[in-house]
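Structure record follows, encoded as structure tokens.
Written out as structure tokens, the structure reads:
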């Protein structure tokens, strides 16, 4: 069963993404409120995909991507960045530090599910 | 002499027998010829009738198969049409599911707290994340002054959002009429300083309007509103108003309770002095 780590400080968005992920059969959703919380969850749980917001308190999504991609144990976990920043340079910035895909808010659930499926192969 | 006569007789007899044999053989050959002709006739007649039957049989079979093919083609086209309908319905159901999920999450979050600031934060989250607004403000009617006062803003400083009077300007008119406002061209963005939003949603409990959400611009990637957005606006108009009103009442009652408790404490302490 693939595990998806949802890193988002907004409870509304976290619940919405979790809802969407639960519609993919046989997936486990792990929730984290920021980058630091995400790293804690990564050290204790098996994670197959990370969905992370950029703007978060304590540790933002870009810093999290950078740490994940520079860690031997986590570097192969695909990361999808979800953010309000729609500008091309923000996307390029996220992809440059190792994010595997980028999704701009407001997210379309079908688009998110399709993208997640392309990484976890459900 | 006698021997010669005997030999001649024997030769004659032999020749007689040979002639008879020849005639018999000729007769046999004629009969054989007749029979062959008859067989050939019969064979010819027999084969032509069975060939026609076979042709008729195969023609019937072909016609039946053609009918079956036509019927199958018709059924296939019907099934294909049904499949298209099902695919369209599936997409429609998926859209409705997504819309319901969004509305559920928004509603769930709005009623998850009685803390006034938390309620405002949740409204902001919904407007950013589910609707895709970039700059907007939440305005409430000040019951004492009857002014429309901004209480929270996103993407702009709260001080830059002007106060309004009921019935004046877009926000004032929305609050007075209780009807949502959508600018004809939302792509240009509104004017914060002039108090001219591109979208203004009244916050109302039944017919009682308590404030409004004024959206001045959308995220760059948000090109327009979908049906779900309009549903969300409707939901916000009712549920956000209820959540804000409940939180305000709760905060007020908490404050009153604390005051009364402090007063009672004071009364209890007085006789001791």
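Residue numbers (the working numbering), protein chains in the order written: chain X, 214 to 335; chain F, 45 to 317. Glycine included, C-beta positions come from ideal geometry on N, C-alpha and C. All figures in this text were calculated on a predicted structure; none of them were measured in a lab.
Query	Result
Pair within 8 Å by beta-carbon distance, residue 217 of chain X and residue 242 of chain X	yes
Range covered by the alpha helix (DSSP H) that runs through residue 336 of chain X	Outside the displayed span of chain X (214 to 335) sits residue 336 of chain X, for which this structure offers no information.
Beta-carbon separation (whole angstroms), residue 167 of chain F vs residue 182 of chain F, contact threshold 8 Å	6 Å
N-terminal and C-terminal residue of the beta strand (DSSP E) that residue 171 of chain F is part of	Where residue 171 of chain F is concerned, there is no enclosing beta strand (DSSP E), given that its DSSP letter is neither H nor E.
Bridge partners - residue 54 of chain F, DSSP secondary structure assignment	Per DSSP, none; premise fails for residue 54 of chain F.
Cβ contact (3+ pairs, closer than 8 Å) linking the segment 150–160 of chain F and the segment 287–299 of chain X	no
Whether residue 142 of chain F touches residue 323 of chain X by CB criterion (8 Å)	yes
Residues of its chain near residue 185 of chain F, where Cβ-Cβ distance is below 8 Å and the 5 sequence neighbours each way are ignored	191, 192, 193, 210, 219, 253, 254, 255
Buried or exposed by the 16-neighbour rule on C-beta atoms within 10 Å, applied to residue 237 of chain F	exposed
Stretch pair the segment 174–181 of chain F + the segment 265–276 of chain F: three plus CB contacts closer than 8 Å	yes
8 Å contact criterion, which residue 244 of chain F and residue 215 of chain F should meet: CB distance rounded	6 Å
Stretch-stretch touch, CB-based, cutoff 8 Å, three pairs: the segment 279–290 of chain X with the segment 244–262 of chain X	yes
Test: residue 133 of chain F CB closer than 8 Å to a CB of chain X	no
Cross-strand partners of residue 235 of chain F (DSSP beta bridge)	F:240
Beta carbon proximity, residue 332 of chain X to chain F, threshold 8 Å	no
Residue interval of the alpha helix (DSSP H) (run including residue 257 of chain X)	248–257
Chain F residues whose Cβ lies nearer than 8 Å to that of residue 229 of chain X	145, 146, 149, 173, 174
Within 8 Å, strictly: CB atoms of residue 271 of chain X and residue 247 of chain X	yes
Members of the segment 316–327 of chain X that neighbour chain F once the beta carbon cut-off is set at 7 Å	317, 318, 319, 322, 323
Pick from F:126, F:225, F:283, F:311 that is closest to residue 248 of chain F, judged by C-alpha positions	F:283
Sheet register partners of residue 179 of chain F (DSSP bridge)	F:261
Candidates X:331, X:327, X:313, of which the one nearest residue 290 of chain X by Cα	X:313
Residues bridged to residue 315 of chain X [DSSP beta-bridge criterion]	X:294
Beta-carbon spacing of residue 147 of chain F, residue 280 of chain F below 8 Å	no
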